[in-house]
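And the structure:
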């Protein structure tokens, strides 16, 4: 799984995004959103209707969902391979407005196909004009352009259900949307991992391998549509004990390393892992800050300017003035991360934390 995530990272770096979503995963997620689609125009703006399972899902369920119109745009791909079946001179967009002859089949002559002047990029003027028509956007956007893609949806005030990687919860471009309740997580993939039709080599174990697919952990659905999951109360069972929950050195908050261990009776600020977002209920908690290098920490946070960076073998490599990059610090915490020296003490940089407080 780690190797597959490395491949995903390399794909983002190299602007290669050939990860195609299975129809079963689309069906499993979108069954929770049925009440949002009636009389709506749906746009899939990263999808060739000839190969896209998003187009297939909405076209097959057009009447069941009560859609008004389905629009798909196809990015022109110059690479001739399995994932470039749109071997045409121009990028295209298609429009489907339902079954017209009563045979309950999506016929080819019921799909309007129009050529685009440009390459079909979602940022192009033509694609933006189609975006303006849409009520809901649903697709698997390029992971390498996830920040830009979400920013455009927010700019044009669009409802959406899209796939992204959990690491996006830490992006400095995405964090403000989370804090402002403009984006949250959907129901997600089974086991927190998705199988995508892909040409990349799959490094999953034999029991998890599927021919022609790659297993990627940490992928999830992002949305701004209200769903029942978003308002399910997180059941808490533990009580606060000062001896069990450590106080950060540089934040006025306690460390809670697992979402399931959030104390039911603590009224102060708590630092929790980003996986908390999967259980986040805005009726139960406020998200009031985020740690890390992105600058969205708490007001009470302070840097330790006198820290020196220490390698894990104990060799001093930094110089005075090294900062903690906004990470919450716990003295003597034996976890992965950089070692820092504070006077005679050694402290460890934690992973990114969301700072939450009970309502």
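Residue numbers (this note's numbering): 14 to 372. By construction, the Cβ of each residue, glycine as well, lies at the ideal position given by its N, Cα and C atoms.
Beta-carbon proximity list for residue i, same chain, < 6 Å, skipping 5 on both sides
i	result
residue 292	247 and 272
residue 349	Reliability of the predicted coordinates at residue 349 is poor, the pLDDT of 44 falling under 50, and no value is obtained from them.
residue 220	Because residue 220 carries a pLDDT of 48, less than 50, the predicted location of this residue cannot be relied on, and the following value inherits that uncertainty. Within the same chain, residue 220 has no close Cβ partners at all.
residue 281	none
residue 171	150
residue 267	258, 260 and 283
residue 125	108
residue 87	61, 99, 104, 105 and 133
residue 123	113
residue 127	106
residue 153	34 and 176
Cβ-based neighbour list, residue i, same chain, cut-off 7 Å, excluding 5 preceding and 5 following
i	result
residue 53	80, 81, 148 and 149
residue 181	159 and 187
residue 76	111 and 112
residue 373	Nothing can be reported for residue 373, as the shown portion of the chain is limited to 14 through 372.
residue 202	38, 232 and 233
residue 285	269, 272, 275, 366, 367 and 369
residue 69	36
Range of the contiguous alpha helix (DSSP H) that encloses residue i
i	result
residue 138	138-146
residue 367	First-last for residue 367: 367-371, but that is the beta strand (DSSP E), not the alpha helix (DSSP H).
residue 69	66-73
residue 37	36-43
residue 190	188-192
residue 167	159-168
Whether residue i touches residue j by CB criterion (9 Å)
i	j	result
residue 290	residue 198	yes
residue 103	residue 78	no
residue 167	residue 151	no
residue 366	residue 275	no
residue 121	residue 131	no
residue 165	residue 196	no
residue 112	residue 105	no
residue 4	residue 39	This structure does not reach residue 4, given that the chain is present from 14 up to 372, and the question cannot be answered.
residue 261	residue 343	yes
Sequence-distant residues of the same chain with beta carbon closer than 8 Å to residue i, five excluded per side
i	result
residue 372	296, 297, 298 and 299
residue 200	41, 42, 45, 234, 240 and 242
residue 55	71, 80, 82, 83, 84, 147, 148, 149, 150 and 151
residue 279	253, 258, 267 and 371
residue 50	78, 79, 80 and 149
residue 73	119
Buried versus exposed, by CB contacts within 10 Å (16 or more), residue i
i	result
residue 169	exposed
residue 136	exposed
residue 178	buried
residue 254	exposed
residue 23	Because the pLDDT at residue 23 is just 46, under 50, the model does not fix this residue reliably, and the point stays unresolved.
residue 116	exposed
residue 134	buried
residue 256	exposed
residue 277	exposed
residue 204	exposed
residue 37	exposed
residue 194	exposed
residue 237	buried
residue 114	exposed
residue 361	Low per-residue confidence applies at residue 361: pLDDT is 48, beneath 50, and the placement is therefore not dependable, though the value from the model is reported in the following sentence. Classification of residue 361: buried, given that the 10 Å Cβ count is 16 or more.
residue 33	buried
residue 48	exposed
Span of the beta strand (DSSP E), counted from its first residue to its last, around residue i
i	result
residue 235	232-236
residue 118	Looking at the DSSP string, residue 118 is not in any beta strand (DSSP E), and its letter there is neither H nor E.
residue 109	105-109
residue 57	54-57
residue 152	149-152
residue 51	That residue, residue 51, is in no beta strand (DSSP E); it is neither H nor E in DSSP.
residue 302	298-303
residue 83	82-86
residue 283	283-285
residue 177	172-178
CB contact check: residue i to chain C, cutoff 9 Å
i	result
residue 254	This model lacks chain C altogether; it includes just one protein chain.
field: Contact between the stretch 149-163 and the stretch 180-195 (3+ Cβ pairs under 8 Å)
entry: yes
- prompt: Are at least three pairs of beta-carbons, each pair with one atom in the stretch 53-71 and one in the stretch 244-261, less than 8 Å apart?
  reply: no
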